[in-house]
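Student: Just passing along the structure, written as structure tokens.
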Amino acid sequence: MKDIYLCILALCFSLFSYTQNQNITIDNSFPYHVNEQTLGRATIGGDTIFVSATRTNPLRFQFTNGDSNKPLVIINKGGQVKIDSKNVYTWGAITFESCKYIKISGAGHPNYKYGFELAADECGLAFADLSSDCEAEFIKISHDGFFGIMAKKNYDGNPPVPYPVFENLIIHDCFIENVSEGMYLGETKSPGMEFKHVKIYNNIVRNTLRESIQIANMVEDVEIYNNTLLNAGLANITYQTSILQIGDNSVANVYNNILIKAPSTGIAVYGKGDCTFTNNYLASNLGIFVDNRTISDSAASMKIEQNYFNGINGNQVVKNYNEINYVTVQDNKYNTDITFFLNQSGNSNNFTAANNALTSIAEIEFKDSATNDYSLASTNPIEYQNMGAPGGPEYFDPVPKKIRIKPEMITDLVQGGSVNSPLFLFDEQNLNIETNDHAISNSWKPDYTMNKTSYHAVIDLGQDYYISEINLHDMHNTFNFTLEYGNASNWSSLFIDPCNTFNTWSKNETDITTRFLRVSMYQDVFAAVNEIIIYGYPVVKKSKQIVVTPSMVEDLVPGGSLNSPLFLFDEQNLNLETEHATSNSWKPYYNNANAPYYVVIDLGQEYHISEINLHDMNDKNNFTIAYGYPENWSTLFVDSLNMFKVWNKHITNISTRYLRLSMQDSPYAAVNEIIIYGYPVISVLEIEEEVIVEEEVTANEHIIITSNMITDLVAGGSIQSPLFLFDEQNLDFLSNSHATSSSWKPAYTMIKPSYHVLIDLGQEYHISEINLHDMHDTKDFTVAYGNVSNWTTLFVDPCETFNTWSKNTTAVTTRYLRFSMYQSVNASVNEVFIFGYPITVNSAKSNKNKKTETKKSNEILLDSSNFESYPNPIKQKFNIRFPLKMLGRNKLIISDILGKIYFSKEVLINSKNTTLILDNTQLPKTNGIYTLSILNESGQLKFLKFIKN
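Rendered as structure tokens:
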């Protein structure tokens, strides 16, 4: 019976194990066929197959599947995978044969836009036989074979019934060049395998012998958008010279594409109906040709609207041979003085051609096509902003180069400023290490002697970098010089250089990715380094959606908008690729009587904004987005909103905390949702000190420690309980009453390396003072704060007095304190008095980065009870906006952490001008962290902390 039980248990365990996701790596030794036999098991949804950068041989996936909830992901690993299957027995570089729920992605390494580069005799990437539900992204195909990407199964016009269906084919962010057919999607004979729910977007296809993209038998929900298609039909083969071909038995929504240069048409349309072409740019081709083939739906229309035709060759821009479907051609622009619409279908009642304007058309410009960067240049008209594929470099500078450190990247964290500035560490950045150039300037010297336990300076590289090498020019005083990376809450030691040579470059090889570096002296102020040269390369950070919540949105329309601006952000969970917004648009007023109309978005911190998507509901008026801060806005873009029910994508490259949305004239710029992408930017302020905050002066009080707050962490319990540390909390401390009970004693001797007691205050407290009653045994008593995984030493008391209160001034916020003995069990403390105050939701921010809530706007600020100040860090000017309660006379004092006063002035703030600007003549000259105290005539006292950079 027991054996049967164990057998069943083993079987259950094996079945459980079988359903667990697995990560599999394919290197160059793995077989050509990838299937259940070669993998050792069937794939399941959520599995990941990593293809190593060492792989150069082709791959053929057979019956490998994910599921409808989670695809099987195939992704590059360790760099770019270059597969070249030319002159071998295989047909294609990567082929999926009867595979379902597949995603192949080249997004596996930050230094390569296209993580797969494929070449083959015939096909780069194929979804063959009965494949379905397949996605391809970030793949480059460059070869002289026939197909770039192929998806089809041939039935020669005689498929089985019911017809096989390929659903959810998605191809995006790919680059294809030099092939015969860029994308060959669907069999050209009809009927055939049917395709439903297809999206082809953000692709670049150039220099093809035949079409850039051709589709056929795509019967339902097909979108082709934001592709850049260039230089097609190079072989000049009859009927194979268009850029985009919509084949028989197909529907399509084609928009925001760029189609340039072909010997015949830019778009050839042979679909069954329900084909729409909107906001496309066609240049240097024969325009659009419309006809019908074997399968047509007479109730479905063809629409060609709001497109741009530049330099069209031939005798007409649009030629129609379709006598079955109704064809609408309107609101297009062209610049060649030829017939715009020529109907030769024989049916004079199935078309409308109206409002097509002969006008000037600007030529579209790319940033740098020579390096395959087909992003649009900033000089393009606003109308083109949403067109084409996103560009950018193929390679993200993977070769380490010298990272030049500029003065504005450096923050001196030495209180009051260093004796010799840390700027000396980076003032000779043009030196050539290879030719043994030597630094001659001064070394960084933080102080005259080691008055503090440590000295630091932080380098902000401005973005994440891979750091491969750091060279220190050692001027020799044999003391440790420490390099760290990370941020304020988590600095990690990178290396410690002993500086034991003279006039020598000390090379330190590294392998980290970081934005922030910290140089430190812990041992002595004479760790003499007078130049640092850093090598590495920037790492591209992936953007994510920034979800905008109602609390971030400030309506600046007097009296409030008719339709709230909250409608702009009430459908933040939409999928841009598959869904449209359905709620109302923001409508500030009935007419333009009170224009302009504004809304401010406060993201809560600075973000790098890479993309802003507006859902255009069509009322052709300008919608403006600006960035910056009140009184200093810069226009980011103006969207003319000339589409209907379309996501207008705007690629951006700015960093900001605030965005301003505006209608400068008409209140009918109909946008009903905005989706923003980016990533948070860590400021210098967040690395080492508090974010700029408003602090109320709060009375300190004695925090009574009770027995239930105390946990003895000594194994087996202390010999003399740590409860003795808090058993006389009713002493009149201010009258210098003394403790008389026993001291905490963890053990008889130091058997363990350390002994600890944990104090849980029950909530966050600002701790301003900790007093130890020292009974004298001259040993160290250590106090730390933080949590179980991250303790930070607050102070070490040597306990060198007798029957005395040892006062330790602190400035931390924490819930947990830890008392420790590392040196001896006889650090005799027999009472501890702690002073501070509880942190509530309205309390000022602590060093744990809690933020006070402050509404930001440019008109409603007078209703706010808080200050607004910007920018931070400060270079030239500091703007401070006062709330109503602080109007009148105010005494300003700027001081450093040590209390040294740098500026003092009395100012009068009135309701007409609530903003005070301090310029460089009034601000400290030395980089560092400072406090601005503001004492109002009413007696209210406020503090603002800032960094001078």
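Numbers -21 to -1, 1 to 928, taken from mature numbering (1 follows the signal peptide of the UniProt record, and there is no 0), label the letters of the sequence shown in order. Positions of the beta carbon are idealized from the N, C-alpha and C atoms, including for glycine.
Could you check the C-alpha separation between N928 and R797 for me, to the nearest Å?
Tutor: Straight-line Cα distance between these residues: approximately 36 angstroms.
Student: Please return the same chain residues whose Cβ sits closer than 6 angstroms to the Cβ of T307, not counting the five positions on each side in sequence.
Tutor: These residues qualify, in order along the chain: K282, T331.
Student: Does the beta-carbon of R868 have 16 or more other beta-carbons within 10 angstroms, so that it is buried, or is it exposed?
Tutor: Burial call: exposed.
Student: Would you call E413 buried or exposed, if buried means 16 or more other Cβ atoms sit within 10 Å of its Cβ?
Tutor: Flag for E413 reads exposed.
Student: Which of the three DSSP states is assigned to S645 in this structure?
Tutor: S645: coil per DSSP, three-state reduction.
Student: Please report the Cβ distance between I513 and I382, rounded to the nearest whole angstrom; I am assuming they are in contact, meaning their Cβ atoms lie under 8 angstroms.
Tutor: I513 to I382, Cβ: 5 angstroms. Contact.
Student: Closest to C102 by CA distance: which of N90, G124, S110, E114 is it?
Tutor: Among N90, G124, S110, E114, the Cα nearest to that of C102 belongs to G124.
Student: Check the C-beta distance from L547 over to I653 and give it rounded, since I have them as a contact under 8 angstroms.
Tutor: At roughly 5 angstroms, the Cβ-Cβ gap stays under 8 angstroms, so L547 and I653 are in contact.
Student: According to DSSP, is V507 part of a helix, a strand, or is it coil?
Tutor: In the sequence on display, residue 507 carries Ala and not Val. Reduced to three states, the DSSP call for A507 is coil.
Student: Would you mind listing the beta strand (DSSP E) stretches within the segment 441 to 484 that are 3+ residues and don't spill past its ends, in chain order?
Tutor: If we require 3 residues or more, the beta strand (DSSP E) runs fully inside the segment 441 to 484 come out as 460 to 466, 469 to 476.
Student: DSSP beta-bridge partners for L895?
Tutor: Paired residue(s): I859.
Student: At which residues does the beta strand (DSSP E) containing L18 begin and terminate?
Tutor: Careful: L18 lies outside any beta strand (DSSP E), inside the alpha helix (DSSP H) at 15 to 18.
Student: Measuring CA to CA, which of H717, I818, E748, G696 is closest to W723?
Tutor: For the residues H717, I818, E748, G696, the minimum Cα distance to W723 belongs to G696.
Student: Which residue marks the beginning of the beta strand (DSSP E) containing Y11, and which one marks its end?
Tutor: Here Y11 belongs to no beta strand (DSSP E), and DSSP marks it neither H nor E.
Student: Identify which residue in I813, N627, V775, I730 has its Cα closest to the Cα of N236.
Tutor: Ranking I813, N627, V775, I730 by Cα distance to N236 puts N627 first.
Student: Below 7 angstroms CB to CB, which residues in the same chain sit around N615 once its five sequence neighbours on both sides are set aside?
Tutor: The amino acid at residue 615 is misidentified as Asn; the sequence shows Leu. Excluding residues within five positions, the ones whose Cβ falls inside 7 angstroms are I604, A605, Y606, T631, I633.
Student: Can you list, in chain order, the residues of its chain with a C-beta nearer than 7 angstroms to that of residue 979? Leave out the 5 residues immediately preceding and following it.
Tutor: Outside the displayed range of the chain (-21 to 928) lies residue 979, so it cannot be described from this structure.
Student: Can you tell me whether Y142 is helix, strand or coil according to DSSP?
Tutor: DSSP places Y142 in coil when its eight states are reduced to three.
Student: Secondary structure at P903, three-state DSSP: helix, strand or coil?
Tutor: P903: coil per DSSP, three-state reduction.
Student: Based on the DSSP secondary-structure assignment, which residues constitute the bridge partners of W723?
Tutor: According to DSSP, W723 bridges with nothing at all.
Student: Along the chain, where does the beta strand (DSSP E) that runs through P659 open and close?
Tutor: That run of the beta strand (DSSP E) goes 650 to 659.
Student: With a cut-off of 8 angstroms, do at least 3 Cβ pairs link the segment 698 to 714 to the segment 760 to 768?
Tutor: No: fewer than three Cβ pairs fall under 8 angstroms.
Student: Based on the DSSP secondary-structure assignment, which residues constitute the bridge partners of S77?
Tutor: In DSSP, S77 forms no bridge with anything.
Student: What runs of the beta strand (DSSP E), each 3 residues or longer, lie entirely inside the segment 302 to 385?
Tutor: Runs of the beta strand (DSSP E) inside the segment 302 to 385: 306 to 309, 318 to 322, 330 to 333, 345 to 347, 352 to 355, 380 to 382.
Student: Note the first and the last residue of the continuous beta strand (DSSP E) segment covering Q708.
Tutor: First-last for Q708: undefined, no H or E at that position.
Student: In angstroms with no decimal places, state the Cα-to-Cα distance between R272 and E166.
Tutor: Approximately 14 angstroms between the Cα atoms of the pair.
Student: Taking the alpha carbon of G161 as the point to measure from, which residue in G171, P170, V184, I150 has its own alpha carbon closest?
Tutor: For G161, the nearest C-alpha among the options comes from V184.
Student: Drop a sphere of 10 angstroms on the beta-carbon of F403, count the other beta-carbons inside from all chains shown, and report buried for 16 or more, exposed for fewer.
Tutor: Under this definition F403 is a buried residue.
Student: Y427 and V398 look like a contact to me (Cβ under 8 angstroms); what is the Cβ gap, rounded to whole Å?
Tutor: The pair is a contact, with the Cβ atoms about 6 angstroms apart (cut-off 8 angstroms).
Student: May I ask you to report which of helix, strand or coil DSSP gives E407?
Tutor: Reduced to three states, the DSSP call for E407 is coil.
Student: T22: buried (16+ other C-beta within 10 angstroms of its C-beta) or exposed?
Tutor: Result: buried.
Student: P852 by DSSP, collapsed to three states: which one?
Tutor: In this structure, P852 counts as coil in the three-state DSSP scheme.
Student: Can you look up F812 in the DSSP assignment and give me helix, strand or coil?
Tutor: Correct three-state label for F812: strand.
Student: Could you compute how far the alpha carbon of L473 sits from the alpha carbon of I446?
Tutor: Spanning the two alpha carbons is a distance of roughly 11 angstroms.
Student: Using the C-alpha atoms, what's the distance from I888 back to K856?
Tutor: Each residue's alpha carbon lies about 18 angstroms from the other.
Student: So what does DSSP say about S31, is it helix, strand or coil?
Tutor: Strand at S31.
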